[in-house]
Structures are given as C-alpha cells and as structure tokens.
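Reading through the structure tokens given below for one structure.
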Amino acid sequence: MRIVVVGLPLFAERLVEKLKRFSPSNKFIFLNTYYSRLDQLKALYEIPRADLIFSINGSLISSKVFDLALKHNIPLVMNWVGTDVLLATEAVSKNNFIDSYRTKAIHFCEVKWIKEELSKIGIEAQIQNFAAFPKKFEIKNFATDSLNVLTYINDNRQDFYGIQEILKLANHFPQIHFYIAGTKAEDYLPIPANVKVLGWIENMDEYFDLCQVTIRFPEHDGLATFVLESLAKGKLVLYKYDFSHCIHTSTYDSMVEQLMLINDSFNQKMLSPNIAGVEFIKNEFSEDAIFNSLLNKLESLVSKKNG
Numbered sequence: 001m002r003i004v005v006v007g008l009p010l011f012a013e014r015l016v017e018k019l020k021r022f023s024p025s026n027k028f029i030f031l032n033t034y035y036s037r038l039d040q041l042k043a044l045y046e047i048p049r050a051d052l053i054f055s056i057n058g059s060l061i062s063s064k065v066f067d068l069a070l071k072h073n074i075p076l077v078m079n080w081v082g083t084d085v086l087l088a089t090e091a092v093s094k095n096n097f098i099d100s101y102r103t104k105a106i107h108f109c110e111v112k113w114i115k116e117e118l119s120k121i122g123i124e125a126q127i128q129n130f131a132a133f134p135k136k137f138e139i140k141n142f143a144t145d146s147l148n149v150l151t152y153i154n155d156n157r158q159d160f161y162g163i164q165e166i167l168k169l170a171n172h173f174p175q176i177h178f179y180i181a182g183t184k185a186e187d188y189l190p191i192p193a194n195v196k197v198l199g200w201i202e203n204m205d206e207y208f209d210l211c212q213v214t215i216r217f218p219e220h221d222g223l224a225t226f227v228l229e230s231l232a233k234g235k236l237v238l239y240k241y242d243f244s245h246c247i248h249t250s251t252y253d254s255m256v257e258q259l260m261l262i263n264d265s266f267n268q269k270m271l272s273p274n275i276a277g278v279e280f281i282k283n284e285f286s287e288d289a290i291f292n293s294l295l296n297k298l299e300s301l302v303s304k305k306n307g
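Just so it is clear: in the sequence shown, position 107 is 107 by my numbering, and no numbers are missing.
And the structure:
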C-alpha cells in the first residue's frame, strides 16, 4: 500500500515514522500540508498516486487535500481527534459545510464520546486508535519526598486546556508541587510558589518520572496521548472524561476531592503506581495491537476500492 498521511503535523509525522518501522513492506508518506508550501506542492503529485489518504484531523470545511483525494477517487480516512469535532458541529449548525466530506470519506475516531458527538451531525465513525506504545516502560516507584502533579497546557489555548483550574488547585494545595508543560503561563502571573512552568519540552520523561499524578482537564477532548502515556508509565490520572483506569474528575470540585484522597494516601505512604493502567496500555495500545488493527482496516478499504 502507498499511504499518504496528513493532518496535525506532530502526530502525523510520528505516526509515519512508527509505521515505517512496523510495516516496511508498505509505503508511508507524511505531508505537512498545513504549514509547508513545499509539501502542499508535493501533495499535487503524491495524492493522485496514493492508495489511501489518512488524515489525523477531520473537517467539513474546504480542504484542497480532501478535494484532490475525492476528485481522484482515492479512499479518504478522516481520524477525528477533538477540537475538529467542535468546528464541524458549528459548521453543520450554520449550514456551512461540505456534505461530500461527510458522506464520501471514511470516518475514524478514538473514543465513544467522540463517536457520539459525530453521530449527532450525521457522521458514523468507527472507533480506531492510532496512538501506540512500546510493550514495556520502566515503571519506577513513586517518589516519597513530595507529591508532584504534571499537566500539559497548550500555550495557544491556555484557558481551554484548564490552566485556571490548575492554578486554583495549586493555591488550594500549597503542599503539592505542580509542573505545567507546554506553556510559560506569562498571562497568569504571579504563579503560585508551588507551580513550575516548563514551557515547551521535547522529552517529558524526566517529569513523568518525577510526578505521581497527572491531570487532563480541557473544555473538550478526544483521547489525549498525554493520558495514554501517563497510564503507560503508571501514573494516577485525573481526567475530565470517563476512561479506563483513570480517575473521572468532570468538575473542579471532583478534582479537589480526588486530589485530597491521593494526598492522604501519600502522607500515609500508601501511594503506589497504577499497575492496572500499565497493563491496560500494554494489552490494548501496544504497537502490535494498534498497528495491526489499523493496517488491516486500511488494507480492507484499499482492496474494496480496487475490487
């Protein structure tokens, strides 16, 4: 198969790198059609020659890549990830959308709540994940000198990703150390003394190792890679959505309640890694499990088109 992968550049490029190693008999091509003029030009050549286009991001508004795929009758898979669903819902509500994207593309998503949201706007999506993890991480014992919490906040959408609630938590729990990756939080000074803002960092392993708890509390979310990686590394995960082996905290008050319980366990020296979460990721999100499932579906779509 010759698969062109587009969409969110960070995730699309990583996926292609992993798929090349996992399945060298197939051809995987990453095109950064969002920000690279060169890749936009390459798309004019690569898309008509592809067996399938896989987009990590869905859309119901105009896309030259999607138009080109449909024009040449190339199977187009949209993998919806989160905010794209909000934009599509708004487009449908304003009757300002391209119906052929909805009816002619094949739609994937990662979790049931996104599937339900898509169904409300006439998109029937299959649940299929693309994030995959090595079979084994080194699971370290939790630090006992201090309780540490890690979160990720997108620097461009800090309120959307819950920075105000995180800072409020830090003020409520001055004895707990909070680490915020992804932003410098310059619009929220002064930062509480127990908060360290990290800005953008390539490799977060140091902070995953340091922290026993991670938090994901955005206004809206797909299945965040940050959550999956937290589980893979044995963290206690406070998540706004109800997901396996996470602590469901849909409100600020529920975060306070759960963090209080975790703090009590820490003080009693009873806090231990989330081994059930580790096993869940090992079984359900290994590269073998995810990529075999994904490639089987893509091969089926290509065969159907060629048959």
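Cβ atoms here follow ideal geometry from the backbone N, Cα and C, with glycine treated the same way.
Residues bridged to Trp80 (per DSSP): Here residue 80 refers to the residue found at position 80 when the sequence shown is read from its first residue. Answer is Cys109, bridged to Trp80.
Only counting the same chain, and skipping five residues up and downstream in sequence, which positions put a Cβ closer than 8 Å to that of Leu228? Along the sequence shown, read from residue 1 onward, the residue named residue 228 stands at position 228. Hits under 8 Å: Ala131, Phe133, Ile281, Phe285.
My output table needs one value for Ser254: the three-state DSSP class, helix, strand or coil. In the sequence shown, residue 254 corresponds to position 254, counting from 1. Of the three classes helix, strand and coil, the one that applies to Ser254 here is helix, per DSSP.
What does DSSP give as the partner residue(s) for Lys27 in the beta ladder? As a working note, residue 27 is residue 27 in the sequence shown. BP columns for Lys27 point to Arg2.
Cα-Cα separation between Val237 and Phe226, rounded to whole angstroms: On the sequence shown, position 237 is the one that residue 237 refers to. On the sequence shown, position 226 is the one that residue 226 refers to. Approximately 10 Å between the Cα atoms of the pair.
Per DSSP, what kind of secondary structure is Leu308 in: helix, strand or coil? Past the boundaries of the shown model lies residue 308; the chain is included only from 1 to 307, so the question cannot be answered.
Considering only heavy atoms of the ligand MN, does any lie closer than 7 Å to the CB of Val4? With respect to small molecules bound, the structure shown includes none, and the ligand MN cannot be examined in it.
Pairing CB atoms from the stretch 28-46 with CB atoms from the stretch 82-92, are three or more of them under 8 Å? no
For Val81 and Ile3, the rounded distance between their alpha carbons: Numbered from its first residue, the sequence shown carries residue 3 at position 3. Numbered from its first residue, the sequence shown carries residue 81 at position 81. So the alpha carbons of these two residues sit roughly 19 Å apart.
Secondary structure at Thr33, three-state DSSP: helix, strand or coil? The residue labelled residue 33 in the question sits at position 33 within the sequence shown. Correct three-state label for Thr33: coil.
Go ahead and pull the three-state DSSP assignment for Tyr241. For the purposes of this step, residue 241 is taken as residue 241 along the sequence shown, with counting starting at 1. Coil at Tyr241, not helix or strand.
Cβ pair Thr151, Ile166 closer than 8 Å: To locate residue 151, count along the sequence shown from 1; it is residue 151. To locate residue 166, count along the sequence shown from 1; it is residue 166. Result yes, Cβ atoms of Thr151 and Ile166 sit closer than 8 Å.
Under 8 Å between the Cβ atoms of Val310 and Ile53? Here the chain comprises residues numbered 1 to 307, so residue 310 is not present and cannot be evaluated.
Could you give the uninterrupted runs of the alpha helix (DSSP H) lying entirely in the stretch 98-160, keeping only those of 4 residues or more? 99-104, 112-119
With the cut-off set at 8 Å, would you say Gly58 and Asp84 are in Cβ contact? Your numbering for residue 58 matches position 58 in the sequence shown. Your numbering for residue 84 matches position 84 in the sequence shown. The answer is yes: Cβ separation under 8 Å.
Looking only at its chain, what residues have a beta carbon closer than 8 Å to the beta carbon of Leu210, apart from the 5 residues adjacent to it on each side? Taking the first residue of the sequence shown as position 1, residue 210 is located at position 210. Here the set comprises Ala143, Asn148, Leu150, Tyr179.
Going by beta carbon distance, what residues of the same chain come within less than 7 Å of Ala232, once the five residues before and after it are set aside? Along the sequence shown, one-based indexing puts residue 232 at 232. Phe133, Phe137, Val278, Ile281, listed in sequence order.
Indicate whether Glu46 and Leu223 have their beta-carbon atoms separated by less than 8 Å. Position 46 of the sequence shown, counting from 1, holds the residue named residue 46. Position 223 of the sequence shown, counting from 1, holds the residue named residue 223. Cβ atoms of Glu46 and Leu223: not closer than 8 Å.
Decide if Gly162 is buried, meaning its Cβ has at least 16 other Cβ atoms within 10 Å, or exposed. Against the sequence shown, residue 162 aligns to sequence position 162. Buried is the call here.
Under 8 Å between the Cβ atoms of Glu213 and Ile262? What you label residue 213 is simply residue 213 of the sequence shown in a count that begins at 1. What you label residue 262 is simply residue 262 of the sequence shown in a count that begins at 1. Note on residue identity: the sequence assigns Val, not Glu, to residue 213. Against a cut-off of 8 Å, the Cβ pair of Ile262 and Val213 comes out as a contact.
Quick check on Phe173: does DSSP put it in helix, strand or coil? Numbered from its first residue, the sequence shown carries residue 173 at position 173. It is coil, neither helix nor strand.
Cα-Cα separation, Leu259 to Ile176: Position 259 of the sequence shown, counted from the start, is the residue given in the question as residue 259. Position 176 of the sequence shown, counted from the start, is the residue given in the question as residue 176. Computed Cα separation, rounded: 10 Å.
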